[in-house]
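Student: Protein chains in written order, with the numbering used here: chain A, 755 to 957; chain B, 755 to 957; chain C, 755 to 957.
We treat Cβ as the ideally placed atom computed from N, Cα and C, and that holds for glycine.
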Amino acid sequence: MTLFQIFDILGIFAFAISGSLVAMRKRMDPFGVFIIAFATSVGGGTLRDLLIGAQPVFWMKNTDVIFLIITAYFIAIFFRKKLKYLNKSLFLFDTIGLGLYTIMGTEIGLSNNFHPIIIVAIATMSASFGGVIRDILCNEIPVIFRKEIYATACVLGSITFLILHHLDFNETIIYISTSSIIITVRLLAVKFHWSLPTFYSKI
Amino acid sequence: MTLFQIFDILGIFAFAISGSLVAMRKRMDPFGVFIIAFATSVGGGTLRDLLIGAQPVFWMKNTDVIFLIITAYFIAIFFRKKLKYLNKSLFLFDTIGLGLYTIMGTEIGLSNNFHPIIIVAIATMSASFGGVIRDILCNEIPVIFRKEIYATACVLGSITFLILHHLDFNETIIYISTSSIIITVRLLAVKFHWSLPTFYSKI
Amino acid sequence: MTLFQIFDILGIFAFAISGSLVAMRKRMDPFGVFIIAFATSVGGGTLRDLLIGAQPVFWMKNTDVIFLIITAYFIAIFFRKKLKYLNKSLFLFDTIGLGLYTIMGTEIGLSNNFHPIIIVAIATMSASFGGVIRDILCNEIPVIFRKEIYATACVLGSITFLILHHLDFNETIIYISTSSIIITVRLLAVKFHWSLPTFYSKI
Chain A
755 MTLFQIFDIL
765 GIFAFAISGS
775 LVAMRKRMDP
785 FGVFIIAFAT
795 SVGGGTLRDL
805 LIGAQPVFWM
815 KNTDVIFLII
825 TAYFIAIFFR
835 KKLKYLNKSL
845 FLFDTIGLGL
855 YTIMGTEIGL
865 SNNFHPIIIV
875 AIATMSASFG
885 GVIRDILCNE
895 IPVIFRKEIY
905 ATACVLGSIT
915 FLILHHLDFN
925 ETIIYISTSS
935 IIITVRLLAV
945 KFHWSLPTFY
955 SKI
Chain B
755 MTLFQIFDIL
765 GIFAFAISGS
775 LVAMRKRMDP
785 FGVFIIAFAT
795 SVGGGTLRDL
805 LIGAQPVFWM
815 KNTDVIFLII
825 TAYFIAIFFR
835 KKLKYLNKSL
845 FLFDTIGLGL
855 YTIMGTEIGL
865 SNNFHPIIIV
875 AIATMSASFG
885 GVIRDILCNE
895 IPVIFRKEIY
905 ATACVLGSIT
915 FLILHHLDFN
925 ETIIYISTSS
935 IIITVRLLAV
945 KFHWSLPTFY
955 SKI
Chain C
755 MTLFQIFDIL
765 GIFAFAISGS
775 LVAMRKRMDP
785 FGVFIIAFAT
795 SVGGGTLRDL
805 LIGAQPVFWM
815 KNTDVIFLII
825 TAYFIAIFFR
835 KKLKYLNKSL
845 FLFDTIGLGL
855 YTIMGTEIGL
865 SNNFHPIIIV
875 AIATMSASFG
885 GVIRDILCNE
895 IPVIFRKEIY
905 ATACVLGSIT
915 FLILHHLDFN
925 ETIIYISTSS
935 IIITVRLLAV
945 KFHWSLPTFY
955 SKI
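#1: Nearest to I895 of chain C by alpha carbon, out of B:F758, B:G786, B:A881 and B:G773?
#2: To the nearest angstrom, how far is it from the Cα of K956 of chain B to the Cα of A777 of chain A?
#3: If you reduce the DSSP assignment to three classes, tell me which class E894 of chain B lands in.
#4: Is it the case that the segment 866-881 of chain C contacts the segment 860-876 of chain A, given that we only count it when at least three CB pairs across the two stretches are under 8 Å?
#5: For G911 of chain C, which option in C:I936, C:L801, C:N816 and C:M782 has the closest C-alpha, if you only look at C-alpha atoms?
#6: When DSSP labels each residue in this structure, what does I871 of chain B get in the three-state scheme?
#7: Determine the direct distance from the alpha carbon of K842 of chain C to that of G799 of chain B, and round the result to whole angstroms.
#8: Could you tell me the alpha carbon to alpha carbon distance between Y855 of chain B and A768 of chain B, rounded to whole angstroms?
#9: Measuring only between beta-carbons, confirm whether K956 of chain A sits less than 8 Å from chain B.
#10: What residues in the segment 941-952 of chain B have a beta carbon less than 8 Å from any beta carbon of chain A?
#11: First and last residue of the alpha helix (DSSP H) that includes K945 of chain B?
#12: Using only the alpha-carbon positions, how far apart do T794 of chain B and S882 of chain B sit?
#13: Given 8 Å as the limit, is there contact between the segment 822-837 of chain A and the segment 912-921 of chain A, that is, 3 or more CB pairs closer than that?
#14: Would you tell me roughly how many angstroms separate the C-alpha atoms of V909 of chain C and G807 of chain A, rounded to the nearest one?
#15: Assign D783 of chain A to one of three DSSP states: helix, strand, or coil.
#16: Within the same chain, show all residues whose beta-carbon is closer than 8 Å to that of T932 of chain A, passing over the 5 residues directly before and after it, in chain order.
#17: Kindly give me the distance between the Cβ atoms of S772 of chain A and L844 of chain A, rounded to whole angstroms, as I take these residues to be in contact under 8 Å.
#18: Mark Q759 of chain B as exposed unless 16 or more other C-beta atoms lie within 10 angstroms of its C-beta, in which case mark it buried.
#19: Grab me the residues of R940 of chain A's own chain with a C-beta within less than 6 Å of its C-beta, minus the 5 sequence neighbours each way, in chain order.
#20: Using a Cβ-Cβ cut-off of less than 9 Å, list which residues of the segment 805-823 of chain B approach chain A; keep chain order.
#21: Using 7 Å as the cut-off, classify the Cβ of I873 of chain A as near or not near the heavy atoms of the ligand PLP, replying yes or no.
#22: Quick one: Cα of T1002 of chain A to Cα of M814 of chain C, how far?
#23: By the three-class DSSP mapping on this structure, what secondary structure does V819 of chain A have?
#24: Assign D922 of chain C to one of two classes, buried (16 or more other C-beta atoms within 10 Å of its C-beta) or exposed (fewer than that).
#25: List, in chain order, every chain B residue whose beta-carbon is nearer than 9 Å to that of A791 of chain C.
#26: Quick check: is the beta carbon of T849 of chain B nearer than 8 Å to any beta carbon in chain A?
#27: Of all Cβ atoms in chain A, is any one closer than 8 Å to the Cβ of P896 of chain C?
#28: Using 10 angstroms around the beta-carbon of R781 of chain B, count the other beta-carbons present and answer buried if the total reaches 16, otherwise exposed.
#29: Have a look at B:Q809, B:I789 and B:I862 and flag the residue whose alpha-carbon is nearest the alpha-carbon of A826 of chain B.
#30: Look up Y904 of chain B in the DSSP assignment and say whether it is helix, strand or coil.
#31: In chain C, which residues lie with their C-beta within 7 Å of the C-beta of F785 of chain B?
#32: May I ask you to report which of helix, strand or coil DSSP gives A770 of chain A?
#33: Does the beta carbon of F868 of chain C come closer than 8 Å to any beta carbon on chain B?
#34: Keeping to the same chain, check which residues put their C-beta closer than 7 Å to that of E925 of chain B; ignore five residues upstream and five downstream.
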């Protein structure tokens, strides 16, 4: 099993947990929770596959993805009472998913020989789209438009990946550096309420 | 004309009626009503074709679909005053569409040799997606997240289809059994307020 | 550079400006404004490419599109204080984008040999979809469902294009006539509060 496959599995798993948690917070019925878990988990990768024309999309060719989501779903349900700090768990799993999906998006963009700026766009879209669908379906303001730096962390991570790749670092170092940067930027952004500078005058 | 084609036509027709009725209840203008009828009718099949990579999507290759939707649209407008029991008519057409689209989705999944669990997922998504888009565009809570069993009926129907298919029953029996199960489950669910058991403690 | 390419560039540019303006009116942060500019600008063409199966979608094959959007974004930000009449500017750029995208959609539909009714549908969807995504992401009622004639202008423009094309007029005449009709219909519709006749009785 390659490092890519391990990160792939962990990303799908983390987003499935994050989707289940948001849906349970909204007190959806068991099927609704599963739909949200599924949409959050595969949403970004499905958009990526549609845009580059890699159909049938990834989860149709590999049933492991479905069983992985089902497992994450039951774990989220089973441990829901232990998850006293639901918001913290949710934030953690969402951030991990964000980091791992950015790596997968960048990797797939590279293997398709797209221009670097397109690769960063694909990576950012595939990392953040799952969370956006989740929030739209749950009727929350999409996480991407809330104050803290979110998609910006993916952009920074994807650029880091491309630079290290260009400098011929090996895969393990690239993957670990990229995910560390994304997770760190996101954690610090939320902790210290970082946000992008605004160009509106104070009212 | 095969039974598949007849069910296909009826499914498109039923969803076009259901879309027109929801849009008229929202008092949209004639063009808005047509857009909603179109999106409800072709939405599920378009998603299905995009995900499996069958492009151009079905309604681009077959103009009959467009004329069928136009016909349904005018029928809905013409009979709108007879439709005193608008909610009941809407529910009926939506349920018929749900049953027929599940059959088509399962059939197409089978002919692409997907794994059974993927086939059930495709059938359920293509059957319920039209109604979800309709409700999002009309600013209603998507039907799939309301209390009564909805997508669950598609899952049961699609599994029934696959079992009967595996047991070598003929197409007519499979189609009629599948649609009967979906329509019956949905009717009973609404009549008796069935819903899935919940795992939240009472507040 | 062909007339088609010039119109293509202008359409992308106009929609990127219109997206930036709506996002700034919502006081989004700089990255949010860019996402909205991007989604508005490429949304319609991306949907078109997905439906007809022309992947990777257009902006992945041509990085000029990205740099064009970035330029439009900075122009919108830079001139935001001069844009006292933000609503008027927004309306103008949205209308120009609508006209140009209708032409591109019709042209691409023709080159794929679709049936005329399908071509009109593709042109209308690709012209109006960018504005619809923009409005959904910004939590406004989609422009297509507001009172004034919107998608109807695209339908009229696309039909005009097809008739002139059938009568063998040259490209320049077709492009200028089509965009003039769309822009004029839309301007007059807003000025005189034109809307489609309704079939609901007064309440």
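Tutor: According to the structure data:
#1: B:G786
#2: A caution first: K956 of chain B carries a pLDDT of 45, below 50, which makes its placement in the model unreliable, though a value can still be read off. Roughly 17 Å separates the two Cα atoms.
#3: coil
#4: no
#5: C:I936
#6: helix
#7: 39 Å
#8: 10 Å
#9: Because K956 of chain A sits at a pLDDT of 45, beneath the cut-off of 50, its placement in the model cannot be relied upon, and the point is left open.
#10: Residues of the segment 941-952 of chain B whose Cβ lies closer than 8 Å to any Cβ of chain A, in chain order: S949, L950, P951 and T952.
#11: E925 to K945
#12: 10 Å
#13: In short, these stretches do not touch, since the Cβ pair count stays below three.
#14: 29 Å
#15: coil
#16: G853, T856, I857, T860, G911, S912, T914, F915 and L918
#17: 6 Å
#18: exposed
#19: T849 and A907
#20: L805, I806, G807, A808 and Q809
#21: What this structure holds is no ligand at all, so the ligand PLP is not there to describe.
#22: The structure shown does not extend to residue 1002 of chain A, since chain A is modelled only from 755 to 957, so the question has no answer here.
#23: helix
#24: exposed
#25: Under the 9 Å cutoff, chain B gives no residues; its nearest Cβ is about 23 Å from A791 of chain C.
#26: Chain A contact via Cβ: absent.
#27: no
#28: exposed
#29: B:I789
#30: Of the three classes helix, strand and coil, the one that applies to Y904 of chain B here is coil, per DSSP.
#31: A905, T906 and L950
#32: helix
#33: Chain B contact via Cβ: present.
#34: L757
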